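Enquirer: Submitted below is the structure of interest, expressed as structure tokens.
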Amino acid sequence: MNDVGPQLVRSGLTRRSFLKTATGAIALTVTGLPRTAQAQSSVSGPGYAPIPGVARERIDGFDKVTGAKIYARDYNARDMDGWPGTQWYAMFLRALTTDRVFKGVDLSALPPDLQPRKVILGDQLADGQRSPNLSLGRDCLVDGQLKAAAAASDDDDHDFDRPGAVVFDLVVRPGNQPDFLGQATALLLFDNARTYRAARTHMQFDDAAYQVYGPDVGPNPDEPRLFTPETLYVRAPDDSIAQGYFSYYTAPDFDNYKQDAAKQAEGIEDYLKAHPEFISHDFRCDMRAMDPMFMEPESGLIWYERDSKTMRVLLGTQSPDGDVADIASMYAEKGSRLDVEEVVLTSCFPGGGFGGRDSSPFSLMLALCADFADGNPVKLEYDRFEQFRVGLKRHACDLNGSLVVSPDRQIEAIKMDLTFDGGGRRNLSPYVASLSALCAGGSYVIPRVNIHAKAIHSENISGGSQRGFGGPQAFFATETALDEIAAQQGWDPLDLRMSNLLTRTDSTVVGGPVKQELRLAEMLQRTAEHPLWSDRVAIKDGYAQRGQTYGTGLAMSLQAYGTSSDGMVAAILMDDEGGFTVQSDAVDMGNGSATTLGVVIGNILGANAHTVEMGGYTLFAQTGLKLKDDLSCGEKPTWSNPHWTAKSVGSSSACLTGLHQVHVVQQCALALFAETILPAARLLWGLPDLQPDQTAWDDGHLVTDGMEPLPLRVLASFARDEGFPSGAVAHAYIQARWVSAKFETRSGTHRLELDGLAFYPADGGAAQPVWRSGTIPPPANAWREARYAWAPCVNVVGLTVDRGTGVVRIENVLSVLNAGRIHVPQLVSGQSQGGVAMALGYTLFEDMPPGMAGPADGTWNLNRYHVPRYRDVPLARRYAPGGRSQELIVMPETPGDDGQGRGIAEAVMCSIAPAVSNALRDALGVRYTSLPITPEKILKGLRA
Amino acid sequence: MTISFTVNGIPHDVPDGRGTDTLLDFLHDDLNLTGTKLCCGIGVCRACTVAVSKGPTDAPAPVISCSTPLRLLGNSHIRTVESLAEGDRLSPVQQAFLDHFSFQCGYCAPGFVMAATIFLEGLAKNPIDRADLDAAIEGALGEHICRCTGYVRYYEAVRHLALQLVGLKWGSVR
Chain A
1 MNDVGPQLVR
11 SGLTRRSFLK
21 TATGAIALTV
31 TGLPRTAQAQ
41 SSVSGPGYAP
51 IPGVARERID
61 GFDKVTGAKI
71 YARDYNARDM
81 DGWPGTQWYA
91 MFLRALTTDR
101 VFKGVDLSAL
111 PPDLQPRKVI
121 LGDQLADGQR
131 SPNLSLGRDC
141 LVDGQLKAAA
151 AASDDDDHDF
161 DRPGAVVFDL
171 VVRPGNQPDF
181 LGQATALLLF
191 DNARTYRAAR
201 THMQFDDAAY
211 QVYGPDVGPN
221 PDEPRLFTPE
231 TLYVRAPDDS
241 IAQGYFSYYT
251 APDFDNYKQD
261 AAKQAEGIED
271 YLKAHPEFIS
281 HDFRCDMRAM
291 DPMFMEPESG
301 LIWYERDSKT
311 MRVLLGTQSP
321 DGDVADIASM
331 YAEKGSRLDV
341 EEVVLTSCFP
351 GGGFGGRDSS
361 PFSLMLALCA
371 DFADGNPVKL
381 EYDRFEQFRV
391 GLKRHACDLN
401 GSLVVSPDRQ
411 IEAIKMDLTF
421 DGGGRRNLSP
431 YVASLSALCA
441 GGSYVIPRVN
451 IHAKAIHSEN
461 ISGGSQRGFG
471 GPQAFFATET
481 ALDEIAAQQG
491 WDPLDLRMSN
501 LLTRTDSTVV
511 GGPVKQELRL
521 AEMLQRTAEH
531 PLWSDRVAIK
541 DGYAQRGQTY
551 GTGLAMSLQA
561 YGTSSDGMVA
571 AILMDDEGGF
581 TVQSDAVDMG
591 NGSATTLGVV
601 IGNILGANAH
611 TVEMGGYTLF
621 AQTGLKLKDD
631 LSCGEKPTWS
641 NPHWTAKSVG
651 SSSACLTGLH
661 QVHVVQQCAL
671 ALFAETILPA
681 ARLLWGLPDL
691 QPDQTAWDDG
701 HLVTDGMEPL
711 PLRVLASFAR
721 DEGFPSGAVA
731 HAYIQARWVS
741 AKFETRSGTH
751 RLELDGLAFY
761 PADGGAAQPV
771 WRSGTIPPPA
781 NAWREARYAW
791 APCVNVVGLT
801 VDRGTGVVRI
811 ENVLSVLNAG
821 RIHVPQLVSG
831 QSQGGVAMAL
841 GYTLFEDMPP
851 GMAGPADGTW
861 NLNRYHVPRY
871 RDVPLARRYA
881 PGGRSQELIV
891 MPETPGDDGQ
901 GRGIAEAVMC
911 SIAPAVSNAL
921 RDALGVRYTS
931 LPITPEKILK
941 GLRA
Chain B
945 MTISFTVNGI
955 PHDVPDGRGT
965 DTLLDFLHDD
975 LNLTGTKLCC
985 GIGVCRACTV
995 AVSKGPTDAP
1005 APVISCSTPL
1015 RLLGNSHIRT
1025 VESLAEGDRL
1035 SPVQQAFLDH
1045 FSFQCGYCAP
1055 GFVMAATIFL
1065 EGLAKNPIDR
1075 ADLDAAIEGA
1085 LGEHICRCTG
1095 YVRYYEAVRH
1105 LALQLVGLKW
1115 GSVR
């Protein structure tokens, strides 16, 4: 058994951070799962990864495969140390309409023995509970616009973290129209499990019997509202600008960007009109909302411990930092009925995430319950019906525009309007729309661009940051449009793409430079040489001879990962035996972050971590760094101030492991090696001038020329005796490039790609910061680049389609992926395989109507929402004619990768859907641009 | 009157009045055995699969615990995922799933573990033609839902184990 847990081990205040409130501060504390987990290490290293740098299995695998208690749903109050054994259960009634005024509840149809202990309506909530002050920031590109708008507004309600127009009451107040379907209308609390379960069963699918509404007064809102801001990317050649083009990134007068962009857009129109020889293809795509359908419906426990004024929470979340701050904010305002001095979060493994647990409103609903349970712990556990009904969705989306190509196959322009249905709560909708606008440019050089993306409020289920973050929608539009032009012109679709590829000398539709090596041409070449593509005509003929209809489709994606600026933190602790514990602010949603972070120190420190602790959002406080609002009077938020950084940490995303989290862990490892292990070796060997590059690890021993190898265990023990640091905690920040700085330490001066570093003393005290100097900040205007890191992928899909039934069968998938350095190959291919399956689901099966025709009515489950099964995906991993396979070709690492991995969580997934549409075009001669492409739509297309 | 059954070898008697309780709720609420997972609650996804046999020597069958009331389980022998490992020593199926990186979030893993265990135990007693193996695996696991890993690595693990069984390894035994 390996020890992995989302907990921190440092005791006392180092485990905490604080949320400033109107009445003081609330401490935010993270703690581990309430179980005893023993690390099991051997001389050769930890069991999951005995060989440095290599994972034999997942570090969390043992717990998961034995059914250990690791998910929030597994826990009850009786499992929690120090909690009362009593446990209440919470259930929310859900709004059934937005056209009528909610008047109240009527539980008379519920038998007397099934009545809840308490019924709470919206008008019983304090202000902070009704509409909490949420941590809505995500991406400085969007946040900057929101903050500017808030600052310019006279409206007191126009607050960045609580924009009044779009953040609605958690529980509808009687007398109000619900703002969206599924908005809570009442909280029912039961004081025992049997009554709760029986009442739930009694009430299920019969919501209308328990809620009272007034007459129809028309839709709320009567017109769609915008989740601000909108995103507008206009780009056009302009010799008056140094870079030679106008764009979001290069606009010389950024304050007037919108006005200047409008003029440039007119210029684009004039240019296109002047070239009637250009081929312009108008496109219109749409796609349904999609449920992440993570396997564990959301669940959690909460208990307000009155004596200690502590709110104790157990959750499985992708965003522990934001969630716990949001929970604290509910009880931070004057008028709060509970006096909360500390929020303690037990952070569990999420049973899947895919963005659906990122800033999920579930944590807020759970937090509400604590106030009304008379001091008892409360469990809130959605069943699958409720998860479908209110859980965050991927946005439904409409995409319209035109793609213009010259007769010599050069893309001249793209115009696209993207409208995302954000549903009820704002969540991350404008951020998703913003990234989608960038993705609309695909993998191509496009000199003229007019892309406009927006997210709107509707009555539908709230949209979230689901896997792909806008990429799947945008790539689908661009890649199917490009393919359609090729098909109509009789051009080879691969050649057309090859003629327009982005390279490191080019810039994106935002105007920002491409700084990473993309290798798109090389990837397309590998694709061209693969028999699934090169033999596609013969394969199709072969199927035709057997009476089957077959088609081949190709599509590319250039998924960005990270946001426009990212902060991350990690710590490494060394024990006296040379065993390592890695701590990270990241959460492992199953993507394997913990395993990866455990092994990437192996080649630096001589052994992999025996313990990896995730979800440590309070680690940031241990670096000593401060954000702008926390600086002392007179201190400036500039990179020359060593105490400041621009961003602490963000929500966890699977795509942030390969580059971001690995980077900070490895930089931290380099610091620990330099400060503790190398000095020990210098003394033991009597080589005071020994440099890191004169050493190497060999089978758990540090070696250098002419000296006796030193076992890691001996080095660790000696370092302890000498009083060298027992660990390090490091913070990194990236915006277009890593911020780097010099750190003067006892062992010398080290330039690291970090902006914060602290060492844990051997005596176990708090971490001691080493303040940076010589800081190299991000490039000026880097935030306007939007994104700086890319995970390119080419997908080829070969499919058969039954002309009689419209049923599609995926025969083969080829994915060519540039993932940079591969840290754990099995995890990379697993992400790819999972991405293929998920994409086939939303491309072909997963269909979710809006409004009360869909899951908002509370009757939807997996019997109606069809996700891919075993039979739906090819299972072989190597292509063979006549077989079914999904072959992944990972581009071999080059020096251009600089030893860095890429975040590839959704990279493969993003271009599967357009590849399927393109394959259907090849097979049937019909273009399908409405997802999911169901058999009914295929038959309708054939009839048209 | 009571309903009598064993769970992982331990006898349990529950009153008839609880006959409509689901096996999953009983495992969670009464026994605090939470390794068996609730996902859809309507018997579609198979995350809640346990092994049930009517006699100690009878072949176990996969049972959907979220939708099986206790009244149907009289005199049954129920095995859950908690019964398989002996301390730190995993069952062959569990170890194979680790070796193949078969799951990611892991929430579906107990259901796959139980279904694969039942399948392989049956295969050991009643070998099939090697050519039929893939179809048999699909028959055993085809309805289970995994949202993270896309089934490839579960399939590879089970196939690998099946091919280790005497008879199958060298081809048809019938």
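Chain order of the listed sequences is A and B. Numbering-wise (our numbering), the first sequence opens with residue 1 and increments by one. Numbering-wise (our numbering), the second sequence opens with residue 945 and increments by one. Quick reminder that beta carbons are idealized off the backbone N, C-alpha and C, glycines included. Since this is a predicted model, take the numbers as computed values, not measurements.
1) Runs of 3 residues minimum, wholly inside the stretch 969-1032 of chain B: which ones carry the beta strand (DSSP E) assignment?
2) State yes or no: is the C-beta of Ile70/A within less than 8 Å of the C-beta of Phe349/A?
3) Beta-carbon within less than 7 Å of Ser1011/B's beta-carbon, same chain only, minus the 5 sequence neighbours each way: which residues are those?
4) So, with DSSP's three-state summary, where would you put Tyr213/A?
5) List, in order along the chain, the chain B residues whose C-beta lies closer than 7 Å to that of Val836/A?
6) Between the C-alpha atoms of Ser648/A and Val665/A, what's the straight-line distance to the nearest angstrom?
7) For the alpha helix (DSSP H) holding Gln833/A, just list the boundary residues, first then last.
8) Ala646/A by DSSP, collapsed to three states: which one?
9) Which residues share a DSSP beta bridge with Pro1174/B?
10) Rounding to the nearest angstrom, what Cα-Cα distance links Glu946/A and Val234/A in this structure?
11) Can you tell me whether His457/A is buried or exposed? The criterion is at least 16 other CB atoms within 10 Å of its CB, across all chains shown.
12) Which residues of the stretch 865-884 of chain A have a Cβ closer than 8 Å to any Cβ of chain B? Give them in chain order.
13) Decide if the stretch 751-759 of chain A is in contact with the stretch 724-733 of chain A; the criterion is three or more beta carbon pairs, one per stretch, under 8 Å apart.
14) Helix, strand or coil, according to DSSP, for His1104/B in the structure here?
15) Does Phe118/A come out as helix, strand or coil in the three-state DSSP assignment?
16) List, in chain order, every chain B residue whose beta-carbon is nearer than 7 Å to that of Pro350/A.
17) Could you tell me whether the Cβ atoms of Arg94/A and Asp216/A are closer together than 8 Å?
18) Give me the subset of the stretch 1065-1097 of chain B whose CB atoms are less than 9 Å from a CB atom of chain A, sorted by chain position.
19) What would DSSP say about Ala396/A, mapped onto helix, strand or coil?
20) If you follow the alpha helix (DSSP H) that Arg536/A is part of, which residue opens it and which one closes it?
21) Relative to the C-alpha of Phe354/A, which candidate in Arg546/A, Thr317/A and Leu518/A has its C-alpha closest?
22) Taking DSSP as the reference, what is the three-state secondary structure of Tyr331/A?
23) Starting from the C-beta of Cys668/A, find all residues in its chain whose C-beta is less than 6 Å away, skip the five residues before and the five after it, and write them out in chain order.
24) By how many angstroms is the C-alpha of Pro174/A removed from the C-alpha of Tyr213/A?
25) Would you say Arg35/A faces chain B, with C-beta separation under 8 Å as the test?
26) Taking the continuous beta strand (DSSP E) assigned at Tyr550/A, which residues delimit it?
27) Does any CB atom of chain A fall closer than 8 Å to the CB of Ala1053/B?
28) So what does Glu266/A bridge to, in DSSP terms?
29) Would Leu1017/B pass as an interface residue toward chain A - the criterion being a Cβ-Cβ separation below 8 Å?
30) Would you tell me roughly how many angstroms separate the C-alpha atoms of Asp566/A and Gly144/A, rounded to the nearest one?
31) DSSP three-state call for Val908/A: helix, strand or coil?
32) Among residues of its own chain, excluding the 5 on either side of Val801/A, which ones have a beta-carbon nearer than 6 Å to its beta-carbon?
33) What number of angstroms, rounded off, separates the C-alpha of Gly851/A from the C-alpha of Asn460/A?
34) Counting only beta-carbon atoms, is Gln1108/B nearer than 8 Å to chain A?
35) Glu722/A and Met290/A - do their beta-carbons sit closer together than 8 Å?
36) If you count every other CB in all the chains shown that lies within 10 Å of the CB of His660/A, and 16 or more means buried, which is it?
Expert: This is what the structure gives:
1) Runs of the beta strand (DSSP E) inside the stretch 969-1032 of chain B: 993-997, 1005-1008 and 1020-1023.
2) It is a contact, given that the beta carbons lie within the stated cut-off.
3) Listed in chain order, the non-local C-beta contacts of Ser1011/B below 7 Å within the same chain comprise Thr966, Ile986 and Gly987, local neighbours out to five positions each way being set aside.
4) Looking at Tyr213/A - three-state DSSP - the assignment turns out to be strand.
5) Simply Gly1094.
6) Between Ser648/A and Val665/A, the C-alpha separation is close to 15 Å.
7) Counting along the chain, the alpha helix (DSSP H) containing Gln833/A begins and ends at Pro825 to Leu840.
8) DSSP places Ala646/A in coil when its eight states are reduced to three.
9) Since the first and last residues shown for chain B are 945 and 1118, residue 1174/B lies out of range.
10) With chain A covering 1 to 944 only, the question about residue 946/A has no answer from this structure.
11) Taking all protein chains shown into account, His457/A has 16 or more neighbouring C-beta atoms within 10 Å of its C-beta and is therefore buried.
12) Residues are counted here when their Cβ sits less than 8 Å from a Cβ of chain B; for the stretch 865-884 of chain A these are Val867, Pro868, Arg869, Tyr870, Arg871, Val873, Leu875 and Arg877, given in chain order.
13) Segments in contact, yes.
14) Note: His1104/B maps to helix in three-state DSSP.
15) In the sequence under discussion, the amino acid at residue 118/A is Lys, which differs from the Phe named in the question. DSSP places Lys118/A in the strand class (E or B) of the three-state scheme.
16) Within 7 Å Cβ-Cβ: Cys1049.
17) Result no, Cβ atoms of Arg94/A and Asp216/A do not sit closer than 8 Å.
18) Residues of the stretch 1065-1097 of chain B that bring their beta carbon within less than 9 Å of a beta carbon in chain A comprise Asp1078, Ile1081, Glu1082, Leu1085, Gly1086, Glu1087, His1088, Ile1089, Cys1090, Arg1091, Cys1092, Thr1093, Gly1094, Tyr1095, Val1096 and Arg1097, in sequence order.
19) Looking at Ala396/A - three-state DSSP - the assignment turns out to be strand.
20) That run of the alpha helix (DSSP H) goes Arg536 to Gln545.
21) It is Thr317/A whose Cα lies nearest to the Cα of Phe354/A.
22) If DSSP states are grouped into helix, strand and coil, Tyr331/A belongs with coil.
23) Around Cys668/A: Ala570, Ile572, Ala728 and Ala730.
24) If you take the alpha carbons of Tyr213/A and Pro174/A, they lie about 9 Å apart.
25) Annotation note: pLDDT 47 at Arg35/A (below 50); position unreliable, coordinate value reported separately. Look at Arg35/A: its C-beta is not under 8 Å from any C-beta on chain B.
26) Here the beta strand (DSSP E) through Tyr550/A covers Thr549 to Ala560.
27) Closer than 8 Å to some Cβ of chain A, the Cβ of Ala1053/B qualifies, so yes.
28) Checking the DSSP bridge columns, you'll see Glu266/A has no partner listed.
29) Not closer than 8 Å to any Cβ of chain A, the Cβ of Leu1017/B fails to qualify, so no.
30) In a straight line, the C-alpha of Asp566/A is about 15 Å away from that of Gly144/A.
31) Note: Val908/A maps to coil in three-state DSSP.
32) Only Thr549, Val808 and Ala923 meet the Cβ criterion.
33) Straight through space, the alpha carbons of Asn460/A and Gly851/A are spaced by roughly 6 Å.
34) Residue contact with chain A for Gln1108/B: absent (no Cβ-Cβ distance below 8 Å to any residue of chain A).
35) Glu722/A sits away from Met290/A, with the two beta carbons spaced by 8 Å or more.
36) The residue is buried, with at least 16 neighbouring Cβ atoms inside 10 Å.
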